[in-house]
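Let me begin by presenting the structure, written as structure tokens, before commenting on it.
Protein chains: 4
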Amino acid sequence: MLPWLGPSPRARELHERLVAFLDQHVYPNEARWHAQIAEERWRPPPIVEELKPKARAAGLWNLFLPDPEVGAGLSTLEYAPLCEAMGRSPMAPEVFNCSAPDTGNMEVLARFGTPEQKTRWLGPLLEGEIRSCFAMTEPEVASSDATNIRTSITRVGDALVITGRKWWISGAADPRCEVALVLGRSDSEAPRHRRHSLVLVPMDTAGVHVRRTLDVFGFDGAPHGHAELMFDAVRIPGDHVILGEGRGFEIAQNRLGPGRVHHCMRLLGLAERALELLCRRVRERVAFGRPLADQGTIRADIASSRIELDQARLLVLQAAHALDRGGPQAARTEIAMIKVAVPGTARRVIDRAIQAHGAAGLCQDTILPAAWAAARSLQIADGPDEVHRETVAKLELGKYE
Amino acid sequence: MLPWLGPSPRARELHERLVAFLDQHVYPNEARWHAQIAEERWRPPPIVEELKPKARAAGLWNLFLPDPEVGAGLSTLEYAPLCEAMGRSPMAPEVFNCSAPDTGNMEVLARFGTPEQKTRWLGPLLEGEIRSCFAMTEPEVASSDATNIRTSITRVGDALVITGRKWWISGAADPRCEVALVLGRSDSEAPRHRRHSLVLVPMDTAGVHVRRTLDVFGFDGAPHGHAELMFDAVRIPGDHVILGEGRGFEIAQNRLGPGRVHHCMRLLGLAERALELLCRRVRERVAFGRPLADQGTIRADIASSRIELDQARLLVLQAAHALDRGGPQAARTEIAMIKVAVPGTARRVIDRAIQAHGAAGLCQDTILPAAWAAARSLQIADGPDEVHRETVAKLELGKYE
Amino acid sequence: MLPWLGPSPRARELHERLVAFLDQHVYPNEARWHAQIAEERWRPPPIVEELKPKARAAGLWNLFLPDPEVGAGLSTLEYAPLCEAMGRSPMAPEVFNCSAPDTGNMEVLARFGTPEQKTRWLGPLLEGEIRSCFAMTEPEVASSDATNIRTSITRVGDALVITGRKWWISGAADPRCEVALVLGRSDSEAPRHRRHSLVLVPMDTAGVHVRRTLDVFGFDGAPHGHAELMFDAVRIPGDHVILGEGRGFEIAQNRLGPGRVHHCMRLLGLAERALELLCRRVRERVAFGRPLADQGTIRADIASSRIELDQARLLVLQAAHALDRGGPQAARTEIAMIKVAVPGTARRVIDRAIQAHGAAGLCQDTILPAAWAAARSLQIADGPDEVHRETVAKLELGKYE
Amino acid sequence: MLPWLGPSPRARELHERLVAFLDQHVYPNEARWHAQIAEERWRPPPIVEELKPKARAAGLWNLFLPDPEVGAGLSTLEYAPLCEAMGRSPMAPEVFNCSAPDTGNMEVLARFGTPEQKTRWLGPLLEGEIRSCFAMTEPEVASSDATNIRTSITRVGDALVITGRKWWISGAADPRCEVALVLGRSDSEAPRHRRHSLVLVPMDTAGVHVRRTLDVFGFDGAPHGHAELMFDAVRIPGDHVILGEGRGFEIAQNRLGPGRVHHCMRLLGLAERALELLCRRVRERVAFGRPLADQGTIRADIASSRIELDQARLLVLQAAHALDRGGPQAARTEIAMIKVAVPGTARRVIDRAIQAHGAAGLCQDTILPAAWAAARSLQIADGPDEVHRETVAKLELGKYE
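Chains as they are written, first to last, in our numbering: chain C, 200 to 600; chain Y, 200 to 600; chain Z, 200 to 600; chain A, 200 to 600.
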């Protein structure tokens, strides 16, 4: 943690407790987690359910939620090191009920949900009893241009009828996923940013189909993963709209900001883990009579990784601070910057760790290939690098108008 | 093809015929190939068996084999464009009975096998009736330093007994794989390059166990893939040694040279295919009102890809020519150079194609992620980049002694 | 400036005043500065002498000096944005009496000088009346390994006799340079870090020869530049040692830490200036019917530059903070990290600005080529990247012992 | 040289002779050459005049000229290795009367000149008695879009009057430069590629002013260099037009093709020289107790350099062959490719050599900084990388129309 940032004593104390919990309960159980998933892919691994009550008992629960009434009440800057620590292990975030996309969905419900919506969905989510998904991306539309979303939401009497196709819906294939927050077009005649609504669709509603799961570089990501969904004239009650019709784009934009920051924090943790694996490996592995750690190119790789990771972390903290002070709109550029910088950095660091592991680094014997796939996919997910660079460039050029 | 290289009219004619065959029979059947594998992973896809007789009838069979008596009798330089063309489709090489590791194994048997070995194994391999594997790499030993191989081959009476563990044995899990060429240590007291022997082990011999398959970035590569094998006191007849005891390292080294050239040629074809997919995609896909093909960064990516691919191809041809003239030892540096250059180039080109495809480029909807994984793994397989760079550096520095 | 860093109100106020001074007095006079140097290369340009009293009157004088009695009393973290702002113009640092190597020399004299040394040298330096140099690097010795320095300092009666050759001595050829701080070997038998002494050598002492000046990528850097010096049995009084014999290495090490931080800060300012020039140029310049600013590759360059510069700045602030808290030894890794990161970043950003300027970016019509040369040379000066990477790697690997 | 290229025995023999001449007469005289230029910058160094008759006597004269009547009669592919060899030393090309821009000007005159033009200019140029320049680039016009050239050529009675400003005119400040080939606009109403004419302007004509010379990264390039020229109502006889009015653009385009190939060949030679300097340096220089040549990062740099240089050379040969077969228009893409690839490669290789030399690599003690500046400037001169990439991209995308 950066000494000059002065996190509150509480955040510092939480970080210590979290690190201890990871050491004691998470890392030693990772092998079990992998084995349980390998045994039955789309079943939630029991070890997570086992650890959740322990994490909750340790006060490490819903740390992401800035609302002190229902969550930990931490600022984004305070949460950052906690989120990074959780990102070190693919199994960790869920243990602390801090995994995407539920975190973003809980924030949306906490801020904009009606009392009924909160009771039905937010409560069980906060308890870690159910999971949820966020259905925005569509195959026909460049995800870099969200106003084009075509899934239709039509009011028919008291009900709303949803028709469309979505893909890359994370967590939708998890058997515990009980509700989808679906972004669709409710009024094509409205101004561009008022055309869409966000609605709550119970996953067991007639017409909701999980068509297939999508691999990322060969990884299905079970039991979470990404799914393609069909909404085939799905009918839901009219009160399942969040915040009101035409407010969908606005909610989505606000949700994406913190979501991107969290993604980057976790990915940073994952890259730090990869660097640790790299260092441990090269200290042990001997080739041509001396440990790999003595090779100059390996040492240069380690140094470059440390330098790049520290820079990426500082940029994330800058974005977190901007978000805390001015909200997602004000922090737009800072968030665009980390969205480009962090996945690229993580990907390079993890790739170096793979190379240092030799053939072992390519296969299921380490988390490295899956970690790399996660980093690579984040150069496309939530807006490709190109779109975020354009955001940054526009602002920079605008300074000289 | 490079006009100044002047391939023989026969090679040119074969290339034309091969390209036509790919257009007519291979590309249109790729979807079926993927579907058949998805249906039942470790079964050879029927479509390949269907196409093999057609390829043979078209005179496109065993093109890789320089021996004109049993193969096409082409030089490496002549074979290069054919091999590249086959590399464009993951299903293609086997259709023409030109897929690794059988190609290398057939060469070994053709050159060094006894008449009995040829009858039993080379014949069926040349007919495309069985498949084979080459068991060299071991988990405990840095594969960059092959003289350390520990699997033991002990003479007991007339028989040989093999004990050890191998991994990354490509094709060993294919149900048609009937024989393994196993490199093991037969005499620890002999000079460093005379300690090992290469033996033929029928896969159904007692004590041969396929322990598991190894994923590469989440891809199992079925039905070919890579396996971990146990040789648990496997007993084979004494005449199953190839060329003689103590000659294993020598054969392996000679086999690796052309093998690396073939790998690079195929990978080049794959990267060319990726560039084609990129170009087609960006001409069709519209974002913010115009085709992606109009974006400057995309156009720069395309140009860089073309420039890098042409350079890589020329380097491969240079290596092929060196191999033809002086054999694997004389061409050692040229081969080391392509082994570094081609996977790096292919990886960059394929990665650009992925980015241009957006989320579709991450999943099973294109061959791109698997292609990328193939390129990435070749920076480690058959000697990591570091080892090949060292070969090149030593020679370069040696010029100024 | 980073909002969360909370610089003291005084630092913030100084920054505002400094920026205003640059706008009013420095940028508008840069053309004159260049013209005056072109007119007579090794004469200090009169415009600087003209501006110095103005800067002093504005309270912008000796800002670098942490000692509040003689300097501004700012912490390194507080000084950082000021130093960066001065780095934006090659003529600026001297205007504020904040230019290297005098800043480091003044710090050394302020902390370790005797009253006589302070009166004779520190006073005039603080007044901006004379200049000084720091003579450490030698042509025969890898500068990455400073303990090998060979210039001899021999006690002969009450005097010290110095013999040796130094090069890359910045500012030694400036006609106002009146004193050199010379690092030499005073006791070859002492422990490795106690062998050297730092002595004050008036430049007009018999035996001190400026042999030639050294260009950096064709730039002589007049009137400051870098010189090669001969010390030919130079005799100085015995009381010209700083801090005591055998303390030279210790002083040099302590001096280098803040020196590197300042170098990086200034270089960051220069790179920011380059990015400004890039943006202004591409908004104005038209090719193929539209401003360069509309080209996608240019926009990507701008975004990457902003992202990389912000990361580099944050890393520098991290190092400044570490230096403030624990001193140069404790901040060794943080300083090594910025010494690698900042020149690399600056060089890339400036190079993009050059490319965007076309042929104009190659010649004397902009500061860009000289700025690039400054960035490039800092990848070697004060320790090559390789040495600093090694420092970082050692610490990182040490975490897992 | 590439064995499979089969250069004619004559080309091979010339290459051997040229290499021997360089070893015997050129490299040993480089120090003198530098010293003579340092002594008096804009005077042609006498050593070159001394060597020219020797080169001519050795049959190494006007090798570039494909016309066998007046030149060596070599194809571009045959000339390539000779041109590369000359590029190894900055003083070499002129020794063999093969230096730009005279080579291009001689080709133009040989192909398109009238008998009078040939007698007056081509003769003395072929003898190496005078030099010439080619005045195309203008400061106001993006050089990437040559049809915009504004310098006016107006017919007034029998004479032509030229008015305009040109810059980056290589060799114009050389005292031996006696004639400029000037591209100007002779008919603004004509079709876009027929608007310009190419005229011969004796440098001593009234109204021709060399306004200043342009540095490239601090290097003035004396006695050759680059100049800014003013044509102030310069009056020349009407018969000084080459090929006819309106043919200027056509000639310029045809001239640029081979010119770019030659530039790339020479630059490759320079980069090879840098790699040689790197290797020699690291074998000799000791740091931390062992030669730099033992450091892994240095060895990786050497290997990467060799790999990249071989690829670049092969690409240049491909372009040379395309040029020989189809002329500049047909070889447009191949030439665009090398124009991007070679300077980038050369720059990387030279930069590594600089880093390996430490501070010595930054200054006038080696040719490396000037070599780097030459490579860097070629990413802009004769069309910036961006324009050539666009040429390549357009063709590549066109394959899928």
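Don't be surprised by glycine CBs; every beta carbon is placed ideally from N, CA and C.
These numbers come from a predicted model, not from an experiment.
Under the three-state DSSP convention, the category residue i falls into
| i | result |
| --- | --- |
| Asp386/Z | coil |
| Asp403/A | coil |
| Leu201/A | Since pLDDT at Leu201/A reaches only 45, below the 50 mark, its modelled position is unreliable, and the value read off the structure follows with that caveat. In this structure, Leu201/A counts as coil in the three-state DSSP scheme. |
| His395/A | strand |
| Gly363/A | strand |
| Met536/A | helix |
| Ser351/A | strand |
| Phe220/Z | helix |
| Thr590/A | helix |
| Glu427/C | strand |
| Glu268/Y | coil |
Span separating the alpha-carbon of residue i from that of residue j
| i | j | result |
| --- | --- | --- |
| Asn304/A | Gln517/Z | 58 angstroms |
| Ala389/Y | Arg454/Y | 22 angstroms |
| Ile246/Z | Gly525/C | 44 angstroms |
| His425/A | Glu507/C | 41 angstroms |
| Asn296/Y | Pro583/Z | 53 angstroms |
| Met536/Y | Val591/Y | 7 angstroms |
| Gly270/C | Val381/C | 24 angstroms |
| Ser331/A | Gly370/A | 7 angstroms |
| Phe418/Z | Glu229/A | 21 angstroms |
| Trp203/Y | Leu513/Y | In this prediction, Trp203/Y scores a pLDDT of 46, lower than 50, which makes its location untrustworthy; no coordinate-derived value is stated. |
| Arg482/C | Ala555/C | 11 angstroms |
| Ala256/C | Leu250/C | 10 angstroms |
| Trp241/A | Cys376/A | 12 angstroms |
| Leu413/Z | Ala421/Z | 10 angstroms |
| Trp260/Z | Gly286/Z | 15 angstroms |
| Ser396/Z | Glu283/A | 51 angstroms |
Distance CB(residue i)-CB(residue j) smaller than 8 angstroms
| i | j | result |
| --- | --- | --- |
| Gln578/C | Pro542/C | yes |
| Val415/Y | Ala291/Y | no |
| Leu399/Z | Ile441/Z | yes |
| Lys365/C | Glu326/C | no |
| Thr350/Z | Thr362/Z | yes |
| Leu522/A | Thr275/A | yes |
| Arg588/A | Ala492/Y | no |
| Arg459/A | Ile534/A | yes |
| Thr532/Z | Leu594/Z | yes |
| Ala574/Y | Leu477/Y | no |
Under 8 angstroms from the C-beta of residue i: neighbouring residues of chain C
| i | result |
| --- | --- |
| Val541/Z | Per Cβ cutoff of 8 angstroms: no residues; Val541/Z is ~10 angstroms from chain C at best. |
Within chain A, the residues that residue i reaches when beta carbons sit closer than 9 angstroms
| i | result |
| --- | --- |
| Tyr599/Y | Glu475, Cys478, Arg479 and Arg482 |
Under 9 angstroms by beta carbon: chain Z residues contacting residue i
| i | result |
| --- | --- |
| Arg547/C | Those do not exist, as Arg547/C stays about 14 angstroms from chain Z at its closest Cβ, beyond 9 angstroms. |
| Thr336/A | Ala558 |
Contact list for residue i against chain C, beta-carbon separation under 9 angstroms
| i | result |
| --- | --- |
| Ala499/A | Gly495, Thr496 and Ala499 |
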